[in-house]
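Student:
Protein chains: 2
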Amino acid sequence: MNQFSIVGKDVPRNDARAKATGSAIYTDDVKLPGMLYGQILRSPLPHARILHIDTSQVASLPGVRCVMTGEDTPKVKYGNWRLFPETQDEYPLAIDKVRFIGDEVAAVAAVDPDIAQEALSLIKVEYEELPGVFDVDAAIKEGAPVIHDYCPSNISVNRKIKYGDIDKAFAESDYVREDTFHVHAVSHAYLEPCAAIAQCDLDGRITLWTSTQVPYIIQCLLASTLQMRENDIRIIKPFVGGGFGGKMELRTWEFCAAFMAKKTGRPVKFTLTREEEFLTGRRRHPMKIHSKVGFKKDGTLTAKDLKIYLDGGAYNAMGPTATFLCGNFGAMLYRYPSYRFHGQHVYTNKPPASAMRGFGAPQSIFATESQMSLAAEELGLDPIDIRLKNAQVTGDTIPDVATISSCGFIEALNKVAEMSDWREKRKTLPKGRGIGIGCYSFISGGVFNWFNTQYPFSAAEVRAFDDGTAHLLTMAADIGQGCDTVLKQILAEAFGLKMEDIRITSADTAITPQADLGAWGSRLTLMNGNAVLDAANKIKAQLFGAVSARFNLNVIHEIECKDGKVYPKGRPDRSLSFGEAVAMAQKINRGEPLVARGYYTPRNKGLVTPSFSFGAQVAEVEVDQETGVVQVQKFWTAHDCGTAINPMAVEGQLEGSIQMGLGYALSEQFVMEGGKTLNTNFLDYKMPSSMDVPPSEVVHIETYEPEGPMGAKEAGEGLAIPTAPAIADAVGHATGYRCKDLPITPEKILRAKRES
Amino acid sequence: MNQFSIVGKDVPRNDARAKATGSAIYTDDVKLPGMLYGQILRSPLPHARILHIDTSQVASLPGVRCVMTGEDTPKVKYGNWRLFPETQDEYPLAIDKVRFIGDEVAAVAAVDPDIAQEALSLIKVEYEELPGVFDVDAAIKEGAPVIHDYCPSNISVNRKIKYGDIDKAFAESDYVREDTFHVHAVSHAYLEPCAAIAQCDLDGRITLWTSTQVPYIIQCLLASTLQMRENDIRIIKPFVGGGFGGKMELRTWEFCAAFMAKKTGRPVKFTLTREEEFLTGRRRHPMKIHSKVGFKKDGTLTAKDLKIYLDGGAYNAMGPTATFLCGNFGAMLYRYPSYRFHGQHVYTNKPPASAMRGFGAPQSIFATESQMSLAAEELGLDPIDIRLKNAQVTGDTIPDVATISSCGFIEALNKVAEMSDWREKRKTLPKGRGIGIGCYSFISGGVFNWFNTQYPFSAAEVRAFDDGTAHLLTMAADIGQGCDTVLKQILAEAFGLKMEDIRITSADTAITPQADLGAWGSRLTLMNGNAVLDAANKIKAQLFGAVSARFNLNVIHEIECKDGKVYPKGRPDRSLSFGEAVAMAQKINRGEPLVARGYYTPRNKGLVTPSFSFGAQVAEVEVDQETGVVQVQKFWTAHDCGTAINPMAVEGQLEGSIQMGLGYALSEQFVMEGGKTLNTNFLDYKMPSSMDVPPSEVVHIETYEPEGPMGAKEAGEGLAIPTAPAIADAVGHATGYRCKDLPITPEKILRAKRES
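Heads up: the sequence lines are chains A and B, in that order. Remember, the numbering used here sits 562 above the position in the first sequence when you count from 1. Remember, the numbering used here sits 562 above the position in the second sequence when you count from 1.
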């Protein structure tokens, strides 16, 4: 990797100083003259027919400027799968029915938030309560209450995958095991609650500042729900305090802010409370996972039959994608000669589950990894050895998915084994202490075009100037994950410039080039990075022509940009400064500025993703024999994200992932009763704090991903996968209790101890 | 002109509703968190050496955050003629010397404006007073005080033009006359005083919102004076309440706001008071004009020898351009077989004169027109006949300047004669009533590249979308003259769309395409309009390809965009909607959005301008025989601006021009004493109000300018020229008094009456 100057170096994040000094402007910090404050009236019932809404008393409250219900809207359903309109099942405000506690029924805008709050109490809604269903078993039972009329089975999405002769493979297996896993919902718990502020200009165009991961998707869906033209909507993403998948759809408050801004002529702002976030917000899909796997005696995998029910809550949200991906994640990481998958997305009367860091993989791979360790035990093999035997390698093909063009999985397995002293500890740790492993593979963005965009998946515009600077414009959304920094690094590297030479403008749909699908599926480094490189290369071609002409070079010379200069390779003495080369290229173009647009769409890359990350993590735990409390002593991680463009940012991702994985494994859960979430604040919802995070060691496995920009692939989500299975494996090692229904609570451990 | 759908139609200005409803954001309306308020300490003396500045007491005043003097700055001189660095004579804050009352000496920034004001009184400046000079005669006298050391003669610019054998031509003339004219300074009196607010981001980049006509020029000059890179500076032009030439240079408060924002880390705003504007602001050049013209007996012009001294005040400002242009204006309008010009720009200890609507032409052409009427009288000809005899026509050449590619001057002369019943009234009006004529020709932007830009003179980016909309991005500065509207019309016409289908983003140097030289010299309609058309045509080429492929058209077909459709000419039945054509072109490009940049630089168009406007105006006056008060009864105007893109906006220009011309002719002047301006408010500075403006009739002479976009040329400044000479001619006709030293005050008329 030493060919790089800036790529691969630790670079402070572009947003670090603004956030540290408090000068970062988040959506709620946007204040416009004459601004109104919006509030949403939500359903108190999990399932009911709306008989009547009376808003007549609201208008009499001084300070109220607007009240709206579903009846006032154009009644257009939305959802991110617009390629399949039948999956779009949500209205901005409920029409006819409410389907979960918190479902949005009406909205008001008033001159201050307290008046808006008071106005909500003046809206009278008459409901006819209907029986609710709260888990997948109840929902798919014959005669269960139907949540959406169009979907009598309550199963909104079916996804099947099959390859190889699976029945034959099981028949010929030496060892087959079947397990059922239950994984639970957890919250994104982003620090910044959702917020949006809309302004309608005098031409009737809408500008919406919103805390989102997907400005372009919001633009499109807001246009269709408002029945406006896409380009009469402008989405601006201010600083965002985390998303983790929870801010990647159009949401009610975005629609209502825009609708009421248009109606009142005044800006309208919504900012959710933490209580609203916990009570009604998106969350990770709970799943019921039934997995059957076959092995040869030596541990070689023969077959896998995977059946997953996703508990989607009241609406599809990102559930179809999770359903789709679970099937792919089930076949990743190891070589499955035959494979069958059936995923079903089930409606229940709960807040919709949706995308959350890992997008189905933390659930699906929890099952994979648990079974690999269980099988190893049964077959008398070391859990790492059974993984090494089946591990995917560079060049492997996943049917219907892709060829793996880079893979450091085996190296990662060997490395964590070595770092953690695995083979010794797995044999010798005393009772109550355990060591466990969890592995992962993840996608670097999606190939599936369910959003049906007409644009390339990623785009970038690069402007190069004769003062030795460049300007990068991209619709990519930095939501705290650091893509502004990474994209600047890629451009700085390509141009041989420094970070301070690059200006970046991002995530403004009226200004930055069409389009970028947003921050999800760990797509930005690879996809937008490739678009940036494409644009940079178009400009470099012009600079190289200028340098070639200036020094009258033989056409065989390759030219490069490095250290602020442009020169024939190996001849830095014959150089122009970057600015001089730009000036010359500009003269060649009779003054026209040097601007290029670059694009990336992953064609010919199968159905799922252009590249795969890999990694392995070992956790060592101590389980208190009296209380059942699990204390993780240490993590060791070895991961392969291709070229780590910004190693410090990758480490940040790892730290955050471990914190999230800890919570997922041990402490976080929604406590619910009859569809109602009972723990709606950070006191009752038990997220690990920084004090709970154990020490951690990490090794970066060096690979070079040919499809990625400068060899890079994903580093943002895969790392969120291995922690829960590693802890579960370590707890199993420490106690003999193998948890198949997350989270691993002290109660479960003690109950298992009692029962054994 | 009936080939157009939107061009040539009255279209409400893009900014009309925002301004009428009060929602327009001007620079002073920009409010940023933690903002400081700046104030400038100005020289109380017209000419002095600065011996010492003591700012030590300022820091002790609570609330003051920054104080700066010229010594703190990088000491880089600025000026718009950067091609000739010797003409750049101004520092952001005075160094060593002050040269006029109001010259900027120091600046402070404080948490509120009152504290900043108080802080100024704590700055102690020790001056050594020097003798001042206050008019050109005194300034160029042998032994006069030297204002700038580099320029012992006080003459900073010499400009000479010569063609034809002028001495022979005078010798062969039947009639030669010589006159000396004095024209005076007037104020731009824009409604919005100058203001600027700067913010320094955490990367050290500056964003400056400023009330300016020239965002790009401010960007460049701010960069050089701060010794920063051009592209680390971003200039945003909010709504601007008028400029008229007074906001086309970098100014002290722009520099100081940026400098102190960088130093304090907080935004810094300056807003000038009206008193500061009148006391120290730029103004129209006073000039002493000596003109000798020769004629044949029949009125045919033979020669002109023009000598002009421009009273530039303390710094060059835009004086070099005015000096340069005066020479060209002197040879425009009529056919001069031989011509000689000598212009001299003279320093005096007064506030710098600079560009003002007409840029030297109101002065130069006042002399031209006065002499034409005087000569007509002497030769026994009708003033209109002598003009008709000498009028320029299409195809005429002005040596070293251009070939006139469209000219409606003769038609305009005939038209005003007819409209005003000229021939009858010139003979029969009773004593005390008079009718007079004034004519003009003006440039449509400049060819001269004294700013030495590396970019095309104008640029536009156009993005076309499949929802049937388009987005226009341009650095062109709408300062109230309506160019945003005109540019949108041009694009709407080119695409066959409606005004509401076009979004425009303008005048943000970090976002809109490099570059545009700004709003001056009536350049934007022609130059930026051409850039917009260039971009539109590049996109149309793609749409036409798509339509041609879609309908399998014979290659001979021409295709057009009209009424929201794209179709082969004459076959609107075979059409795609604009959006469908874009969608298809996008598919052809595998999803890449349709974006194009267009440029315009007036190559091969001589030295001055690519095209010329023409016009004639008749004024009828009544002069009170007792008081000498002149009352204009009516104006008749016939003008040739090529295609009037937005006739309503052209009429607006005419109305404003008449109001300004009235003031210039009759009432406005700076009353000065020892370099000090005494009338510094709208009570004492006598601008005509709307009640003072007489009725007016206008006829638009239809021509088609081949170099202009859709046949257009300038309409913004030429109209400001004829009013003063027309009134002077009418007063002469009414009273026999021919004013050669504007303004035409009652005192002068009565004095002339007494003397005759």
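All residues carry an ideal CB built from backbone N, CA and C; glycine is no exception.
Based on the DSSP output, what are the partners of residue 929/A in its beta bridges?
Tutor: Counted from its first residue, the first sequence places residue 929/A at position 367. DSSP lists no partner for residue 929/A.
Student: Below 9 Å between beta carbons is the criterion; list the residues of the region 1016-1033 of chain A that meet it against any residue of chain B, in chain order.
Tutor: Correct list: 1016, 1017, 1018, 1019, 1021, 1023, 1025, 1027, 1028, 1029, 1030, 1031, 1032, 1033.
Student: Considering only their Cβ atoms, is the gap separating residue 615/B from residue 970/B smaller than 8 Å?
Tutor: Here residue 970/B is taken as the residue at index 408 of the second sequence, counted from 1. Here residue 615/B is taken as the residue at index 53 of the second sequence, counted from 1. For residue 970/B and residue 615/B, no; Cβs fall outside 8 Å.
Student: Taking the Cβ atom as the reference point for each residue, do residue 923/B and residue 807/B lie within a distance shorter than 8 Å?
Tutor: Position 361 of the second sequence, counting from 1, holds the residue named residue 923/B. Position 245 of the second sequence, counting from 1, holds the residue named residue 807/B. Contact flag unset, no.
Student: Mind checking residue 646/A: buried by the 16 CB within 10 Å criterion, or exposed?
Tutor: Against the first sequence, residue 646/A aligns to sequence position 84. Exposed: under 16 other Cβ atoms inside 10 Å.
Student: Please work out which residues of its chain come closer than 6 Å, Cβ to Cβ, to residue 1119/B, disregarding the five sequence neighbours upstream and downstream, and give them in chain order.
Tutor: Position 557 of the second sequence holds residue 1119/B. Counting only Cβ-Cβ distances below 6 Å, and skipping sequence neighbours, we find 1130.
Student: If the cut-off is 9 Å on Cβ atoms, which residues from the region 751-768 of chain B count as contacting chain A, listed in chain order?
Tutor: Going along the region 751-768 of chain B in chain order, one finds 763, 764, 765, 766, 767 with a Cβ nearer than 9 Å to chain A.
Student: With a cut-off of 8 Å, does the C-beta of residue 1255/B fall near any C-beta of chain A?
Tutor: The count along the second sequence starts at 1 and reaches residue 1255/B at position 693. Not an interface residue.
Student: Could you tell me which whole alpha helix (DSSP H) segments of length 4 or greater appear in the region 693-765 of chain B?
Tutor: Counting whole runs of 4 or more residues, the region 693-765 of chain B contains the alpha helix (DSSP H) stretches 698-701, 728-733.
Student: Assuming residue 1207/A and residue 1087/A are in contact, meaning their beta carbons sit under 8 Å apart, how far apart are those beta carbons, in whole angstroms?
Tutor: Here residue 1207/A is taken as the residue at index 645 of the first sequence, counted from 1. Here residue 1087/A is taken as the residue at index 525 of the first sequence, counted from 1. Residue 1207/A to residue 1087/A, Cβ: 6 Å. Contact.
Student: Quick check: is the beta carbon of residue 579/B nearer than 8 Å to any beta carbon in chain A?
Tutor: In the second sequence, the residue the question calls residue 579/B occupies position 17. By this cut-off, residue 579/B is an interface position.
Student: Tell me, please, which residues DSSP counts as bridged to residue 1193/A.
Tutor: Start at 1 with the first residue of the first sequence, and residue 1193/A comes out as number 631. Residue 1193/A is bridged to 1184/A.
Student: Does DSSP classify residue 982/B as helix, strand or coil?
Tutor: To locate residue 982/B, count along the second sequence from 1; it is residue 420. It is helical.
Student: Shorter than 8 Å from the beta carbon of residue 1085/B to some beta carbon of chain A?
Tutor: If you number the second sequence from 1, residue 1085/B lands on position 523. No, residue 1085/B does not count as interfacial toward chain A.
Student: Residues of chain A with CB under 8 Å from residue 1161/B, in chain order?
Tutor: Within the second sequence, the letter at position 599 stands for residue 1161/B. Within chain A, the residues near residue 1161/B are 1153, 1154.
Student: Under a CB-based cut-off of 8 Å, is residue 1072/B close to chain A?
Tutor: Translated into positions along the second sequence, residue 1072/B becomes position 510. So, interface residue.
Student: Against chain A, with Cβ distances strictly below 8 Å, would residue 1076/B count as a contact?
Tutor: For the purposes of this step, residue 1076/B is taken as residue 514 along the second sequence, with counting starting at 1. Residue 1076/B counts as touching chain A.
Student: What residues match up with residue 998/A in a beta bridge as DSSP calls it?
Tutor: Here the question's residue 998/A lines up with position 436 in the first sequence. Paired residues: 1181/A.
Student: Indicate whether at least one CB of chain A lies closer than 8 Å to the CB of residue 1067/B.
Tutor: The residue labelled residue 1067/B in the question sits at position 505 within the second sequence. For residue 1067/B, the answer is yes, since a Cβ of chain A falls inside 8 Å of its Cβ.
Student: Do residue 1204/A and residue 1274/A come within 8 Å of each other at the CB atom, strictly closer than that value?
Tutor: Reading the first sequence from its first residue, position 712 is the one you call residue 1274/A. Reading the first sequence from its first residue, position 642 is the one you call residue 1204/A. Taking 8 Å as the Cβ cut-off, residue 1274/A and residue 1204/A qualify as a contacting pair.
Student: DSSP state of residue 1109/B, grouped into three classes?
Tutor: Translated into the one-based positions of the second sequence, residue 1109/B becomes position 547. Of the three classes helix, strand and coil, the one that applies to residue 1109/B here is helix, per DSSP.
Student: Would you verify that the beta carbon of residue 671/B is, or is not, closer than 8 Å to some beta carbon of chain A?
Tutor: For the purposes of this step, residue 671/B is identified with residue 109 of the second sequence, where counting begins at 1. Output row for residue 671/B: interface = no.
Student: When the cut-off is 8 Å and only beta carbons count, does residue 680/B lie next to chain A?
Tutor: Reading the second sequence from its first residue, position 118 is the one you call residue 680/B. Output row for residue 680/B: interface = no.
Student: Alpha carbon to alpha carbon, how far is residue 704/B from residue 695/B?
Tutor: As a first step, residue 704/B must be located in the second sequence, where it is residue number 142. As a first step, residue 695/B must be located in the second sequence, where it is residue number 133. Distance between the alpha carbons of residue 704/B and residue 695/B is about 12 Å.
Student: Just to confirm, are residue 669/A and residue 601/A a CB contact at a threshold of 8 Å?
Tutor: Counting from one through the first sequence, the residue named residue 669/A turns up at place 107. Counting from one through the first sequence, the residue named residue 601/A turns up at place 39. Yes, Cβ-Cβ distance for residue 669/A and residue 601/A is below 8 Å.
Student: In angstroms with no decimal places, state the Cα-to-Cα distance between residue 573/B and residue 1059/B.
Tutor: Position 11 of the second sequence, counted from the start, is the residue given in the question as residue 573/B. Position 497 of the second sequence, counted from the start, is the residue given in the question as residue 1059/B. Between residue 573/B and residue 1059/B, the C-alpha separation is close to 14 Å.
Student: What residue does the beta strand (DSSP E) around residue 860/A start on, and which one ends it?
Tutor: Mapped onto the first sequence, residue 860/A falls at position 298. First-last for residue 860/A: undefined, no H or E at that position.
Student: Smallest Cα separation from residue 851/A: which of 1049/A, 740/A, 638/A, 1286/A?
Tutor: For the purposes of this step, residue 851/A is taken as residue 289 along the first sequence, with counting starting at 1. When each option's Cα is compared against that of residue 851/A, the closest is 740/A.
Student: Could you name the residues of chain A that residue 793/B contacts, counting a contact when the two beta carbons are closer than 7 Å?
Tutor: Here residue 793/B refers to the residue found at position 231 when the second sequence is read from its first residue. Those are 1027, 1029, 1031, 1033, 1065, listed as they occur along chain A.
Student: If you follow the beta strand (DSSP E) that residue 906/B is in, where does it begin and where does it stop?
Tutor: Numbered from its first residue, the second sequence carries residue 906/B at position 344. Residue 906/B -> beta strand (DSSP E) spans 900-909.
Student: Can you say whether residue 1244/B is buried or exposed, counting buried as having 16 or more other CB atoms within 10 angstroms of its CB?
Tutor: Within the second sequence, the letter at position 682 stands for residue 1244/B. Exposed.
Student: Residue 815/B lies in the alpha helix (DSSP H); which residues open and close that run?
Tutor: Within the second sequence, residue 815/B is the residue found at index 253, counting from 1. First-last of the alpha helix (DSSP H) with residue 815/B: 814-826.
Student: Please name the residue or residues paired with residue 686/A in a DSSP beta bridge.
Tutor: Within the first sequence, residue 686/A is the residue found at index 124, counting from 1. Answer is 616/A.
Student: Quick one: residues in its chain with C-beta nearer than 6 Å to the C-beta of residue 1044/B, no 5 flanking neighbours on either side, listed in chain order?
Tutor: What you label residue 1044/B is simply residue 482 of the second sequence in a count that begins at 1. Here the set comprises 575, 1211.
Student: Can you tell me which of the three DSSP states residue 568/A falls into?
Tutor: Mapped onto the first sequence, residue 568/A falls at position 6. Three-state DSSP puts residue 568/A in coil, outside helix and strand.
Student: For residue 1148/A and chain B, any beta-carbon pair shorter than 8 Å?
Tutor: Within the first sequence, numbered from 1, the residue matching residue 1148/A stands at position 586. Answer yes: the Cβ-Cβ gap between residue 1148/A and chain B drops below 8 Å somewhere.
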